[in-house]
Every structure is written in structure tokens, then in C-alpha cells.
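J.: Protein chains in written order, with the numbering used here: chain A, 29 to 351; chain B, 7 to 340.
Cβ atoms here follow ideal geometry from the backbone N, Cα and C, with glycine treated the same way.
Here the structure is a predicted model, which means the values were calculated and not measured.
1) Contact between the stretch 83–90 of chain A and the stretch 43–53 of chain A is defined here as three or more beta-carbon pairs at a separation below 8 Å; is this criterion met?
2) Using a Cβ cut-off of 7 Å, pull out every chain A residue sitting near residue 96 (chain B), in sequence order please.
3) Kindly indicate which three-state DSSP category residue 55 (chain B) falls into: helix, strand or coil?
4) Could you name the residues of the same chain whose beta carbon sits closer than 8 Å to that of residue 84 (chain B), not counting the 5 residues immediately before and after it, in chain order?
5) Check this for me: beta carbons of residue 328 (chain A) and residue 231 (chain A), under 8 Å apart or not?
6) Would residue 299 (chain B) pass as a contact of residue 256 (chain B) if the rule is Cβ separation under 8 Å?
7) Using 8 Å as the Cβ pair cut-off and three pairs as the minimum, do the stretch 102–120 of chain A and the stretch 144–158 of chain A touch?
8) Among B:175, B:163, B:155, which has the Cα closest to the Cα of residue 427 (chain B)?
9) Considering only C-alpha positions, which residue in the set B:147, B:119, B:145, B:149 is nearest to residue 137 (chain B)?
10) Thinking C-alpha only, which one of B:70, B:81, B:329 is nearest residue 220 (chain B)?
11) So which of B:53, B:125, B:45 has the shortest CA-CA distance to residue 55 (chain A)?
12) What does residue 342 (chain B) touch in chain A if you count any residue whose Cβ is under 7 Å from its own?
13) Which of the residues in the stretch 69–84 of chain B, read from start to end, lie with their CB under 8 Å from any CB of chain A?
14) Determine, using beta carbons only, whether residue 285 (chain A) comes closer than 8 Å to chain B.
15) Considering residue 334 (chain A), what are the terminal residues of the alpha helix (DSSP H) in which it resides?
16) Note the first and the last residue of the continuous alpha helix (DSSP H) segment covering residue 66 (chain B).
17) So what does residue 102 (chain A) bridge to, in DSSP terms?
18) With 8 Å set as the bound, which would you pick, yes or no: does the beta-carbon of residue 111 (chain B) sit closer than that to a beta-carbon of chain A?
19) Should residue 253 (chain A) be labelled buried (16 or more other beta-carbon atoms within 10 Å of its own) or exposed?
20) I'd like the span of the alpha helix (DSSP H) that includes residue 304 (chain B), first residue to last.
21) Which residues in chain B have a C-beta closer than 7 Å to the C-beta of residue 159 (chain A)? List them in chain order.
22) If you scan the stretch 141–173 of chain B from start to end, which runs of the alpha helix (DSSP H) of 4 or more residues do you find wholly inside it?
23) Give the interface partners of residue 130 (chain B) over in chain A, defined as CB-CB distance under 9 Å, in chain order.
24) Could one say the Cβ of residue 153 (chain B) lies closer than 8 Å to chain A's Cβ atoms, at least one of them?
25) According to DSSP, simplified to helix, strand and coil, what is residue 137 (chain B)?
26) When we look at the beta-carbon of residue 96 (chain A) and count the other beta-carbons within 10 Å, is it buried (16 or more) or exposed?
27) Using CA coordinates, which residue listed in A:68, A:281, A:92, A:135 is at the minimum distance from residue 293 (chain A)?
28) If we define contact as Cβ-Cβ less than 8 Å, is residue 56 (chain A) a contact residue for chain B?
29) Taking the CB atoms as reference points, tell me whether residue 139 (chain A) and residue 118 (chain A) lie closer together than 8 Å.
30) Residue 247 (chain B) to residue 156 (chain B), Cα distance in whole Å?
31) At least one CB of chain A closer than 8 Å to the CB of residue 209 (chain B): is that the case?
32) Quick check on this structure: which residue in B:332, B:100, B:305, B:227 has the alpha carbon closest to the alpha carbon of residue 55 (chain B)?
33) Among B:217, B:188, B:307, whose alpha-carbon lies nearest the alpha-carbon of residue 110 (chain B)?
34) What are the boundary residues of the alpha helix (DSSP H) that includes residue 14 (chain B)?
35) Contact check, residue 272 (chain B) vs residue 260 (chain B) under 8 Å by CB: the rounded distance?
36) Of all the CB atoms in chain B, is at least one closer than 8 Å to the CB of residue 136 (chain A)?
Printed below as a string of C-alpha cells:
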């Protein structure tokens, strides 16, 4: 039998249009549907503030103790030699505490993205399989990357709305002073971090589907340790001061885009904090590394998805609930 | 001749994963590969409403998955709209759609209209066109008043109608319907059946491959029917021609007190095949006998009595599709 010619959607512009439509289609449930549950304001915007508040109170208490010592005449490890030195120490302490609190609010905000990547990207294809959507997706003519791209874009938008709510509330409630130096660089770092993060999520989505239910345990495992290693509640550069093990943790954590992204954003928003001793690299270098991570993760996501689809068609175990 | 669907010696073997292979079954033997499709040859013509009848595990869904490019054959070939499912899945995907019975696809937070629209976007249907089509189809399926209702609040019948609309909204050339009326009430089933028949008959070049458990549905709807069991196509013809095949045989239906063991009937000379179904509510067993002639009837009745059972009802009938099925497969569908 000879194959017919003149296939529908065979031309490039038609394929591009199809895939753009597919991206919009798949992003839609996340953008519109998810915001139909008003409970998100409490669970995903207000509740994260409690975690942030715990760290903020600790930092404030430490800052108050340091300030009390300075007021008592101690400038670091020596007695203040002048009122000017005392005032400078006090101002620096307040600025550092502000930077710590601000870093915590920013980190707590970025946690929303990491959780979204873990639970709504990485675990998503497995969940889609369970409810019977995956085989309908695999049967459709759209590119599989368009499917993941739609999920990622929808997730980014939805989480950005929630994260912005948390960020604004956190900045107001904890009276954080921002010293934004380069808005353009901040935006670039933020968006490249998101692309790299969601690229990682897209890659994990295929792998999680292969691993099945164990994937959920892996997601749980990747929560607290990553919060710690990526420095969501403190500057991750501090690990470098902790010797060999600290450096090893920091090196491993740089594979998670949130680590360098957070570090770069903190540097841009709180320049000169802690005398610049707790940063990992400069924001420009971190942006370059994030760009590389984004490209690598997207490439690997594409490869993993192609492998997954081939496996699904060969073994017939991945697209149906009961197989 | 160009077929909408053609399979040549199509075979699919499922090999258990290593972990599962290590497990032993109750009798101690290791679970081996399962042949879901066994050298299946099938030709479905353009514009045909084609039925696939078979018991659970016969290979119907496996066949549909291969044709929908979701599964690769182990051996043999399958062509859909002239394209090889193994080598050329993309053009096939632009021309097909599939709806299964009891589907729970979509997102409960979206409305009926939004869910269908989302799936239409994966096929490149222009958004405006999709919305117009969706409204028309919602009217046709009697679901228009549920258009802005969240899907999670729909009943199973309404949800299946929504699934059907999802299948039709992309205007496929070939539609695969895998037990689309499974578990639906009479009205919902009728609406779906009527629309499918209209869709094929009033449009040119539309083909439907339907699998169903309901013999009446297959008889009423399908131009041709293939009977499949253990992965093999046992017969393929029009419902009338299939029935003609056993017209020479005699069909008897008996309703007797519940009988657990019906195997003695198969030892009676002249009994070609038998199907037995227990009716728990009435505490009876319904037996369908395919006989070479009427001579074994007295021995059948004696056997019933000798097993302490009682005959409630005896009827000689014209062969139905179910009789054809029993004659070929050796058991009923349920």
C-alpha cells in the first residue's frame, strides 16, 4: 500500500501554529482553572509566610542581640573607639539584618516555584497517566515539548501570581528595605532561573513517569534538602565558609537553578550586604551559568521525552492506567 | 483498494517486566509473555462503520491502541489512512481521534466547554471554529445547558457525552470508539448511537471502528463486524451474513434453575456450542444452545432434570449476533 501524499499539517508554519495552540491549550487549565479555587490565597500565599516568619524572627533576634552589644560599646571583637565607629557598626548590622530578612522573604517566595516544579511539573505526566489524559496527549499530533511547554508556562504564570502575593505581603509585613541596583539584570536572572527550573521540571517529568509511584517519594525527598542546600532561607554562599563538606554541598546545589538564581537576585536587591562575603559568583557569571543550565535541561527534557514516548509505544505500559 | 484501516498479520505480545517475571503464579509456574493480538488481518473500508466484538481480553483495546499509534506491533503491519503506524505516526494522528467508555480525562476545574476546547487545540483547530463547533455539538448531545458547569460536577453519562464531543470536534477522518456506551443509561446510549450512525452515513469519507460489549448495538449500528477472541479474528462480515452462517444450525434458549456445572451439556452429541449466564436475582441460569439439529433437545432436557434442576422456559429462536458469537467463541460476552 502506498502512503497518501499531501498530509494535513505537514508544512512548517502549520506545525508551528499547531504547537503554539497546543501550548496555549495546555497552559489554560493552570492559568484559569487553578485560580478558580480561592483557597489558594490562604494555602499558597499566606501559609508560606509562616515558614518565612520563623526565620525572620530568628534573624531579628540575632540582629537585636548584635545591636545591643554595639550600643553597649562593642564593635565586633573590640571596644568601639569612637561614636562614629559605633554608628557605622550599628548601621551595617541593621543593613545586614535587613538583607537577611529580605533574602528569606525572597527565598520563601521562590519556594513556590520549586514546589510547583516538583509537584506540578515533575509529577504531572504520572498524574496525567492516572486520570487518562496522557494517552490522549500522546495520540494528538502536537509536539510533546509543546505539551510540557504549556504545562511550564501555565505553571510559571500561576505560581508568579501566588509568589508575587507572598513577596509583597512579606516585604510589607517584615518592613524589608530593597536597594534594587539593576532592574533589567534582575528580570533577566529571574526569567532565566524560571526557564532553567522548569526545564529541570520538564526533564524530571519524563523520568518520574518511568519510575512510577516511587517518583512521589523522590519529590518529597527533594523538598527540605533542597530548601537547605539551595539556601532558600539564607545565603547559600555561607556553605563555602564551612569547609570541605560545605563546599561539596554548594557545588551539588548549583545544579539546582534556584541556588544561583536566588544568589544573583539577592546580590542585585541587597548589594554590599555582609561585605560581599556570602555570595557565590557575580550576578553576571551566575546568569551565564543559568543560561547553560536552561539549555542543558531543555535539551535533556526533549531527549527524555522522546525516549519515554518510544518506550511507551514499545512496551505499552506508560500511557494507560491499567497497563 | 485504499482502506481506512488495514492490518496484515498484526501481532502484539506483552512481555512482563523482569521484576514481574520473577513472580510465580499460584500453581508455581512463572508468568510468561501474553499474546494480545495474533496475526490479525483486517480491512476496513472508507466510510464504513465497523464493529469489533470480543470478550474481555480478546485484544480489542490492544488493536485500537496500535491503530491510534499508542502502541507498536510486535510483528506484522498496520496502516491507518494509508500510513504505517510504526513508521509514520504523525499524519495518522492528524486524521484520527479516539473515545473510550468510562473515560475520566480532562480537568475537573474546567468547564465542559473549556475542556473540549483545550483538547481541540492539540489538533490545531482554530479557536473560533472550535468554539462554534463545540456549541453545535453540545446542542446535539443535549449538553448545552451544562456548557459552563465544572466537569467534576457532571454525571457519568454527561461526562461521556462530553468525551464524545471531544472526539468529534477535531473532525477526524477515522474515529475509534472503544465501548463508548459502557455503563450509560438507555437515553444517553441512544443519543450517542444515533449521532455516530448519522456522522458516518451523512458525511463522506468518515470511518468508525467501534468496539462494544452490546450485541444489539453492534447489530444495529455496524456495516460489518469482526469477531475477535484470544487475539485472533475469527470472522468478519456483515451482521446478516454472520447470522446466515449459523442459520443451518438451531438455536435454543433455556431458562432453568441455577446450574453451576454446565459442562455435561457439551458431551451431548449434536451440541455445537453453549453459553450459560446466571441470573442471581431470579436464581436461574440462562442457557443458549447452538445445535446441529433439534435431535439433542430431549437429552438436554433429561440432563437438566437429572441435575436436579427445573426448566422454566424453552424457546427455539432465529439466530442473533449473540448466537453467532457463542457459536464461534464458545461462550457469551459476559
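T.: In short:
1) Counting Cβ pairs under 8 Å, fewer than three are found: no touch.
2) 169
3) strand
4) The answer, listed in chain order, is 11, 12, 13, 14, 16, 72, 73, 90, 91, 92.
5) Judged by beta-carbon spacing, residue 231 (chain A) lies within the 8 Å limit of residue 328 (chain A), meaning their Cβ atoms are closer than that value.
6) By the CB criterion at 8 Å, residue 299 (chain B) and residue 256 (chain B) fall inside the cutoff.
7) Contact between the stretch 102–120 of chain A and the stretch 144–158 of chain A is absent, because fewer than three Cβ pairs lie under 8 Å.
8) Any question about residue 427 (chain B) goes unanswered here, given that chain B covers just 7 to 340.
9) Closest option to residue 137 (chain B), Cα to Cα, is B:119.
10) B:329
11) B:125
12) The structure shown has nothing for residue 342 (chain B), since chain B only spans 7 to 340.
13) Taking 8 Å as the Cβ-Cβ cut-off against chain A, the residues of the stretch 69–84 of chain B that qualify are 71, 74, 75, 76, 77, 78.
14) no
15) 311–343
16) 66–73
17) A:107
18) yes
19) exposed
20) 303–312
21) Simply 110, 111.
22) Qualifying alpha helix (DSSP H) stretches: none in this window.
23) 36, 37, 42, 43, 45, 46, 47, 49, 50, 169, 170
24) no
25) helix
26) Looking at its Cβ environment, which holds fewer than 16 other Cβ atoms inside 10 Å, residue 96 (chain A) is exposed.
27) A:135
28) Interface residue, yes.
29) no
30) 46 Å
31) no
32) The shortest C-alpha separation from residue 55 (chain B) is found at B:227.
33) In terms of CA proximity to residue 110 (chain B), B:188 leads the group B:217, B:188, B:307.
34) Unbroken run through residue 14 (chain B) is the beta strand (DSSP E), 9–20; no alpha helix (DSSP H).
35) Contact between residue 272 (chain B) and residue 260 (chain B) fails: their C-beta atoms lie close to 14 Å from each other, not under 8 Å.
36) no
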